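A.B. asks: The first sequence begins at 3 in this note's numbering and counts up by one. Dumping the structure here so I can ask a few things about it.
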Amino acid sequence: MLEIALIRTNADLVKAGLKKKHFKDLFLVDELLQVDEKRRKVQQSLEEIRGKENILAKEIGDLFKQGKKAEADEKKVQATGLKEDSARLTGELADLEDAQKDILLQLPNLPHSSVPEGKTHEENEVVKEAGQIPDLHENALPHWDLAKKYDLFDLELGVKITGAGFPVYKGKGAKLQRALISFFLDHAIDAGYFEVAPPHMVNEDSARGTGQLPDKEGQMYHATVDNFYLIPTAEVPVTNIYRDEIIEERDLPKKNVAYTPCFRREAGSYGKDVRGLNRLHQFDKVEIVQIQHPDRSYETLESMVKHIEGLLQLLELPYRILRLCGGDMSFTSALTYDFEVYSAAQKRWLEVSSVSNFETFQTNRLKARFRDENKKVRLAHSLNGSALALPRIVASLLENHQTGHDIRMPKALVPYTGFDRIN
RNA sequence: GGAGAGAUGGCAGAGCGGUUGAUUGCAGCUGUCUUGAAAACAGCCGUAGGUGAUGAGCCUACCGUGGGUUCGAAUCCCUCUCUCUCCGCCA
Numbered sequence: 003m004l005e006i007a008l009i010r011t012n013a014d015l016v017k018a019g020l021k022k023k024h025f026k027d028l029f030l031v032d033e034l035l036q037v038d039e040k041r042r043k044v045q046q047s048l049e050e051i052r053g054k055e056n057i058l059a060k061e062i063g064d065l066f067k068q069g070k071k072a073e074a075d076e077k078k079v080q081a082t083g084l085k086e087d088s089a090r091l092t093g094e095l096a097d098l099e100d101a102q103k104d105i106l107l108q109l110p111n112l113p114h115s116s117v118p119e120g121k122t123h124e125e126n127e128v129v130k131e132a133g134q135i136p137d138l139h140e141n142a143l144p145h146w147d148l149a150k151k152y153d154l155f156d157l158e159l160g161v162k163i164t165g166a167g168f169p170v171y172k173g174k175g176a177k178l179q180r181a182l183i184s185f186f187l188d189h190a191i192d193a194g195y196f197e198v199a200p201p202h203m204v205n206e207d208s209a210r211g212t213g214q215l216p217d218k219e220g221q222m223y224h225a226t227v228d229n230f231y232l233i234p235t236a237e238v239p240v241t242n243i244y245r246d247e248i249i250e251e252r253d254l255p256k257k258n259v260a261y262t263p264c265f266r267r268e269a270g271s272y273g274k275d276v277r278g279l280n281r282l283h284q285f286d287k288v289e290i291v292q293i294q295h296p297d298r299s300y301e302t303l304e305s306m307v308k309h310i311e312g313l314l315q316l317l318e319l320p321y322r323i324l325r326l327c328g329g330d331m332s333f334t335s336a337l338t339y340d341f342e343v344y345s346a347a348q349k350r351w352l353e354v355s356s357v358s359n360f361e362t363f364q365t366n367r368l369k370a371r372f373r374d375e376n377k378k379v380r381l382a383h384s385l386n387g388s389a390l391a392l393p394r395i396v397a398s399l400l401e402n403h404q405t406g407h408d409i410r411m412p413k414a415l416v417p418y419t420g421f422d423r424i425n
């Protein structure tokens, strides 16, 4: 959620940013300013009346103590008269506040100045491409066929137990999951992240805090009896650790890493995008989250990019880093880098990580703040990134490292898997 | 799931219809003293919104949540949530 103060003082800047993000309803900004002005007027009149009511109430109390009942009753009549006005204005104010919030929730975050112009993913900027794309033999198999050949996971079995998009990992496939999770967690801990294992379900407040609600409830599984949501990413429970908190500046940055399964309904997906492990309803992911001082959040973003890049290098996968253009960025992000690995048998790039700086967009809604050197309470910046999401890493690991008679494991992973090839 | 008790500022803990945004203690901050520290003493010490200059000051709101009663509610009534104790069930 954008800060109203910024919109009030820099409406043109806000509009320019929204335009870069290809946000259509620019008129909302002016509408918001009008509502805000009206709201403040109503609030002022209401507070004036409330002030009078408070004074009267106090006077009545004093009169009663002095035993001057008649005078007190007279004041009571006055106070009752004020009540009508204040009740009316209270209702008006609540409506205006709702209207203001409603518009505010519709406005996406403003893009950072380094965000490239553009509307679709085709205009994303390739910042870097690295690693060797393997020259596979002709009968190289896509990962879903490799899974059958080596008995690594079974999607049909998942359908029987649950439904489409819920794979059953088996044997070395299952162990590979466990190995990757430990591998990712250990490297994050080495990089100074503090591990947390959060709940896999969250309440409504948390879902609202990170922006899944009110808009994206269709994306989440909902346990209606208890009104809990299955998390679509660890970002939700981990970032909510800092909801309604004020952090001392010396305690920044807060660096957390968490492994969780992620649950996404992914309504409307189809075709080659969902084949094999390309898109699932349940998958495992290790997520890194930071709460940082506004002056240092972009350095932090770069360090997160470096961390993720290091993981891909250790896994010996060909990858590229994209800086997303304004139109392709998420609603909440100010700057996003996507990481893609090349899946050599499918011959396509698969997104395995997305790392973003949200600046104060999330923390404004979360009320995640810090106390700066002048004792002033300010909104912190929040950042997060996948490090990494497992299924597509597995897909690309299997495809890129297949030899025809087995699949080689990258050296860095062997201590975790306990085997150096799948055959 | 059943019965009971409770939810107040960073923590502990008063208050139970009228200068209570809230006694007090601890923690924290500033000053005096000290070479420095400790101790002692004095002062400060919640958040949000509005208005001011992103200052001072002033105003309003907030004592788990949402309603209600009243001129006035942390204090009374109702709803929900959560915590604790006991019983039941259980990985």
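Think of the CB as a built atom: it goes at the ideal place given N, C-alpha and C, for glycine as much as any other residue. Remember, it's a predicted structure, so these values are computed and weren't measured experimentally.
Does the distance from the C-beta atom of ALA101 to that of LEU254 stay below 8 Å?
C.D. replies: Their beta carbons are not under 8 Å apart, which means ALA101 does not touch LEU254 by this criterion.
A.B. asks: Between the Cα of SER355 and those of TYR321, LEU65, GLN364, PHE333, spot the shortest distance and give me the residue it belongs to.
C.D. replies: Ranking the options by Cα distance to SER355, first place goes to TYR321.
A.B. asks: If I'm right that GLN179 touches LEU392 with Cβ under 8 Å, what's the distance once you round it to whole angstroms?
C.D. replies: Between LEU392 and GLN179 the Cβ distance is about 6 Å, and since that is below 8 Å, they are a contact.
A.B. asks: Would you kindly work out how many angstroms separate the C-alpha atoms of GLY220 and THR235, rounded to a whole number?
C.D. replies: C-alpha separation (whole angstroms): 15 Å.
A.B. asks: In terms of alpha-carbon separation, which member of VAL288, LYS60, SER47, GLU206 lies closest to ARG90?
C.D. replies: Nearest option by C-alpha distance: SER47.
A.B. asks: Looking at LYS174 and TYR152, is the spacing between their C-beta atoms short of 8 Å?
C.D. replies: Against a cut-off of 8 Å, the Cβ pair of LYS174 and TYR152 comes out as a contact.
A.B. asks: Give me the Cβ distance between VAL44 and LEU98, rounded to the nearest whole Å; I'm assuming they're in contact under 8 Å.
C.D. replies: Going by Cβ atoms, the distance from VAL44 to LEU98 rounds to 6 Å, so yes, they are a contact pair.
A.B. asks: State the Cα-Cα distance for the pair PRO200 and TYR261, rounded to the nearest angstrom.
C.D. replies: If you take the alpha carbons of PRO200 and TYR261, they lie about 8 Å apart.
A.B. asks: Does the count of Cβ pairs from the segment 319-338 and the segment 123-140 closer than 8 Å reach three?
C.D. replies: Contact between the segment 319-338 and the segment 123-140 is present, because at least three Cβ pairs lie under 8 Å.
A.B. asks: What's the gap between the Cα of PHE285 and the Cα of GLU158?
C.D. replies: Distance between the alpha carbons of PHE285 and GLU158 is about 16 Å.
A.B. asks: Thinking C-alpha only, which one of GLN348, HIS295, PRO118 is nearest GLU375?
C.D. replies: It is HIS295.
A.B. asks: Counting only the same chain and skipping the five closest in sequence on each side, list residues whose C-beta sits under 8 Å from that of VAL416.
C.D. replies: So the list reads ASP422, once near-sequence residues are dropped.
A.B. asks: Compute the Euclidean distance between the alpha carbons of ILE105 and LEU34, then round it to the nearest angstrom.
C.D. replies: When rounded, the distance between both Cα atoms is 6 Å.
A.B. asks: With a cut-off of 8 Å on the beta carbons, I'd call LEU107 and MET222 a contact; round off their distance for me.
C.D. replies: That pair is no contact at about 17 Å.
A.B. asks: Rounded C-beta distance between VAL475 and ALA389? I'm assuming under 8 Å.
C.D. replies: This structure cannot speak to residue 475, because the chain is shown only from 3 to 425.
A.B. asks: On the DSSP bridge list, what partners appear for ARG325?
C.D. replies: The partner list for ARG325 (beta bridge, DSSP) reads GLU127, TYR339.
A.B. asks: With DSSP as the reference, label SER345 as helix, strand or coil.
C.D. replies: SER345 falls in the strand class under three-state DSSP.
A.B. asks: Return the first residue and the last residue of the beta strand (DSSP E) that ASN258 is part of.
C.D. replies: Unbroken beta strand (DSSP E) run through ASN258: 256-265.
A.B. asks: Have a look at MET203 and LYS71 and give me their C-alpha separation to the nearest angstrom.
C.D. replies: MET203 and LYS71: Cα-Cα distance of roughly 58 Å.
A.B. asks: For VAL16 and ASP27, I'd like the C-alpha separation in whole angstroms.
C.D. replies: Near 12 Å, if we compare the C-alpha coordinates of ASP27 and VAL16.
A.B. asks: Pick helix, strand or coil for ASN366, following the three-state DSSP scheme.
C.D. replies: Correct three-state label for ASN366: helix.
A.B. asks: Might you give, ordered along the chain, the residues of its own chain that have their beta carbon closer than 8 Å to the beta carbon of GLN214, omitting 5 neighbours on each side?
C.D. replies: GLN221, MET222, TYR231, PRO234, VAL238.
A.B. asks: Whose C-beta lies closer than 7 Å to the C-beta of LEU313 among residues of the same chain, with five residues either side of it excluded?
C.D. replies: So the list reads PHE186, HIS189, ALA389, LEU390, once near-sequence residues are dropped.
A.B. asks: For the beta strand (DSSP E) containing LEU116, list its first residue and its last residue.
C.D. replies: Sequence inspection shows Ser at residue 116; the Leu mentioned does not correspond to that position. Taken as a continuous stretch (DSSP letters only), SER116 belongs to no beta strand (DSSP E), as it is neither H nor E.
A.B. asks: Measure the alpha-carbon distance for LYS369 versus PRO216 and round it to whole angstroms.
C.D. replies: Answer to the nearest angstrom: the Cα atoms are 17 Å apart.
A.B. asks: Closest to LYS23 by C-alpha separation, out of GLU197, PRO118, LYS40, would be which residue?
C.D. replies: Ranking GLU197, PRO118, LYS40 by Cα distance to LYS23 puts PRO118 first.
A.B. asks: Between which two residues does the alpha helix (DSSP H) containing ARG394 stretch?
C.D. replies: Per DSSP, ARG394 belongs to the alpha helix (DSSP H) from 392-402.
A.B. asks: Could you pull out every unbroken alpha helix (DSSP H) segment of at least 4 residues lying fully inside the segment 24-94, listed in chain order?
C.D. replies: Those alpha helix (DSSP H) runs which fall completely within the segment 24-94 and span 4+ residues are 29-67.
A.B. asks: What's the C-alpha gap between ALA336 and ASP297?
C.D. replies: Straight-line Cα distance between these residues: approximately 15 Å.
A.B. asks: Could you give the first and the last residue of the continuous alpha helix (DSSP H) run that contains TYR223?
C.D. replies: Note, TYR223: premise wrong, no alpha helix (DSSP H); not H, not E.
A.B. asks: Just curious, the alpha helix (DSSP H) that GLN284 is in, first and last residue?
C.D. replies: GLN284 -> not in any alpha helix (DSSP H); beta strand (DSSP E) instead, spanning 284-294.
A.B. asks: ILE395: which of ILE290, GLY329, ASP38, TYR344 sits nearest, CA to CA?
C.D. replies: The option with the nearest alpha carbon to ILE395 is TYR344.
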